[in-house]
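Take 5 as the starting number for the sequence shown in the working numbering and just add one per residue. Written out below as structure tokens is the structure these notes cover.
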Amino acid sequence: MGTLAGFGVLAGSTVTNTGPTVIGNVANPANVGVQPGSAIVGLSVFPLATPGTVNGAIYSSTAEALAAQNDLFTAYQNLMGRPTTVNLTGDNLGGLTLIPGVYNFNSSAQLTGLLTLNGLGNPNSVFIFNIGSTLTTASASDIALINGAQGGNVFWRVGSSATLGSTTLFAGDILAQTSITLVTGASITCGAAWAITGAVTLDTNTISLCNLIAGAGGPILGPTGVPLLTSLLPSSATTGEISVATAIDTFVSSGGTLPPAFLNLFNLTPAELATALTQLEGEAGTGAQESGFQMMNSFLSLLTNPFAENRGFAPPPQPPVIYKALAFKAPVEAAPGPRRWSIWAAAYGGGGNINGDPAGVGSNNLTTREGGFATGLDYLVAPDTLVGFALAGGGAAWSLAAGLGGGRADVFQAGVYGAQRFGAAYLSGALAYASYEASTNRTVSFVGTDTLSASFIAQNFGGRLESGYRVTSWAPFSVIPYAAVQAQAFYTPRYNESGSLGAPDPLALTYNAQTATVVRSELGSRFDQVIPQADRSRVVLFGRAAWAHDWQSNPNLTATFIGLPGAPFMAYGAVPPSNVALVTAGAEWRWTNGWSFMAKYDGEFASGYGDYMGTAGLRYSW
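This is how it looks when you write it as structure tokens:
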């Protein structure tokens, strides 16, 4: 500021005062000057002569006033050239809490009520307001300086004129191109009023220069004066929180202008900041693929199990039931002809839980729920060869712990399947497709309540191949060791969120398109036992115990804030375990008229993971 720093009031044309105005004080004197004009009315260094008191010197068209005006012009131009941190055009400053930075108004600026300037613990933090035309404050407006903010580091560059309403408590230096007016009772508690070409008009005001407190420290500042969020995080911050903070810092470091909604982050405690970044991460989107994988697991299992519920590939026929009554033995009837066609319907549903990694990458526990109804038709091409197809419809839903949101999907599935017997051995397989009409929702609370949602259509392709061999010598049940391989690819398109902060909502996310894959290997054994009934129907009990190993490519999504283009980050989802135990238990009742009913339970278990699915089906063969 050069020589300008010692002036409490400087005008281009005149300085006019009414009432007992006080400029400066004994401890921190302030000068009054005018250049190129010469009139200073109502102020004197001797209060007995005029109503206004100047605790300093008065310079009317002098070399000192000229030097101050030259320094004022230089400072004005310097401020005008600073890169904008946030554009607040159209916003009222009242009610805002701002952090160090450069704030731009394309035209006028208005302050009604309280404006809080948060220095974030840094006494060297700087606040610059570049206003295209006028600055106006309503009566009784106030500027509060907190956490080390100092009025001497607050600058208001005004393109035309500034007017401070009555009893306004103002802070900072006003650098106006034209004029400055302080209405009755308005005060600049720490700052000055400097006008380049016009007048400064006073009425019973107080203007006090600032005693800047020396000292450094506080948050690390980025190139535009905005603190780096990564420096404000607690030491316990997760990988996900750091990823979001780094994206915001990258945007600022590249010269981007932060939307006002993001400024609330800098007013939070480290712990509150970590929570806010977790909400911003948008982890809810990652649940779609995990829920889809489990939904496809259930559908493929329904198509390819090689016995009871697999339409016509029942265990080998058992000897006929012998009834003993006196000396009578029921004759053995001729075996019925093969039933080549089967139509079936099944309902299935269940859910699961995947534990997150809240202390590592920051993922949270994910709960999934799935259910559907399937129907199919198959045909015995030969006694040992079966082919068929199936269609299914249902729904899936998922939710995250800690109220971080979730989603749901309407699901359509279609598949073809087949099986071939080679004596006691079998080979079965299926190919399936699923379409997911999905939606997500989550809430961000550090800006009040911003509800964010999205809709998209995802697709899933899956296949399964299984082979086993029936060992019949293990009475009273058969043992069928088997091995299987299964693969899925879940495609999520690029999609955008929308929110309640406007269109577009700056906190909303754009998710990149992604294909996630999972390959599963299974090794274990199936079991069954046939229990003949007196009416020649049969009850088939069956089960499974197996181990599975999954190779999943990517449970995460790449996202970018709509308001911060060019700064992507990773949204980390819960990772299922690689090794799980598989269990199945069920029964099917087969009647001689071609009808049969099946019910089964499937479970997957591992540390921190569980998935449960129940299935009931009805079949008719002819």
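Ideal Cβ positions, reconstructed from N, Cα and C, are used throughout, including at glycine.
From what residue to what residue does the beta strand (DSSP E) around residue i run?
i: Tyr-440; result: 429-448
i: Met-602; result: 599-610
i: Ala-378; result: 370-386
i: Tyr-495; result: 482-496
i: Thr-18; result: 18-22
i: Cys-194; result: 191-199
i: Trp-348; result: 345-358
Kindly indicate which three-state DSSP category residue i falls into: helix, strand or coil?
i: Asn-516; result: coil
i: Leu-232; result: coil
i: Ile-566; result: coil
i: Met-84; result: helix
i: Gln-114; result: strand
i: Gly-407; result: helix
i: Gly-397; result: strand
i: Ser-471; result: strand
i: Ala-166; result: strand
i: Leu-269; result: helix
i: Gly-6; result: helix
i: Trp-78; result: The sequence given here has Thr at residue 78, not Trp. Looking at Thr-78 - three-state DSSP - the assignment turns out to be helix.
i: Gln-39; result: coil
i: Glu-592; result: strand
i: Gly-156; result: helix
i: Ile-147; result: strand
i: Pro-508; result: coil
i: Pro-536; result: strand
i: Ala-15; result: strand
On the criterion of 16 or more Cβ atoms from any shown chain inside 10 Å, does residue i qualify as buried, or is it exposed?
i: Trp-599; result: exposed
i: Ala-79; result: buried
i: Thr-476; result: exposed
i: Trp-555; result: exposed
i: Arg-542; result: buried
i: Val-415; result: buried
i: Ala-438; result: buried
i: Thr-93; result: exposed
i: Ala-585; result: exposed
i: Thr-308; result: buried
i: Leu-8; result: buried
i: Ala-423; result: buried
i: Trp-160; result: buried
i: Thr-596; result: exposed
i: Phe-133; result: buried
i: Ile-62; result: buried
Quick check: is any heavy atom of the ligand MG less than 6 Å from the C-beta of residue i?
i: Val-579; result: The model on display carries no ligand, and the ligand MG is accordingly not part of it.
Between which residues of its own chain and residue i is the CB-CB distance below 7 Å, once the five residues before and five after are set aside?
i: Ser-449; result: Gln-283
i: Val-248; result: Leu-281, Leu-284, Glu-285 and Phe-573
i: Tyr-486; result: Glu-470, Ser-471, Gly-472, Gly-528, Ser-529 and Arg-530
If you follow the alpha helix (DSSP H) that residue i is in, where does it begin and where does it stop?
i: Met-299; result: 291-308
i: Leu-1; result: Examination of residue 1 is not possible in this model, given that the chain is present from 5 through 626 alone.
i: Glu-245; result: 243-257
Are the C-beta atoms of residue i and some chain C residue less than 7 Å apart?
i: Thr-372; result: Checking the listed chains, one finds no chain C in this structure; it contains a single protein chain.
In its own chain, which residues sit with a C-beta less than 6 Å from the C-beta of residue i, not counting the 5 before and 5 after it?
i: Gly-607; result: Val-587 and Tyr-616
i: Ala-418; result: Leu-395 and Tyr-437
i: Gly-195; result: Gly-155, Ala-175, Gly-176 and Asp-177
i: Glu-501; result: Leu-456, Ala-458, Ala-512 and Leu-513
i: Thr-201; result: Gly-16 and Thr-182
i: Leu-206; result: Asn-21, Thr-25 and Leu-186
Within a Cβ cutoff of 8 Å, which residues of the same chain sit near residue i, ignoring the five residues on either side of it in sequence?
i: Thr-562; result: Tyr-515, Asn-516, Gln-518, Pro-572, Phe-573, Met-574 and Ala-575
i: Ala-275; result: Pro-238
i: Gln-83; result: Per the sequence presented here, residue 83 reads as Leu, with Gln not at that position. Ile-132, Asn-134, Phe-159, Arg-161 and Leu-179, listed in sequence order.
request  = Spell out a yes or no on whether the stretch 161-170 and the stretch 121-141 are touching, meaning 3 or more CB-CB pairs, one atom from each, closer than 8 Å.
outcome  = yes
query = Within the chosen definition, does the stretch 33-48 reach the stretch 5-22 through at least 3 CB pairs nearer than 8 Å?
reply = yes
ask   = Is it true that the stretch 56-75 meets the stretch 229-248, where meeting means three or more beta-carbon pairs spaced less than 8 Å apart?
value = no
inquiry  = Any contact between the stretch 255-268 and the stretch 513-525? By contact I mean 3 or more CB pairs, one from each, below 8 Å.
reply    = no
key: Any 3 or more C-beta pairs closer than 8 Å across the stretch 251-262 and the stretch 296-303   = no
ask   = For the stretch 522-530 against the stretch 478-493, are there 3 or more C-beta pairs whose distance is under 8 Å?
value = yes
inquiry  = Under 8 Å, with one C-beta from each stretch per pair, do the stretch 386-393 and the stretch 401-413 reach the 3-pair mark?
reply    = no
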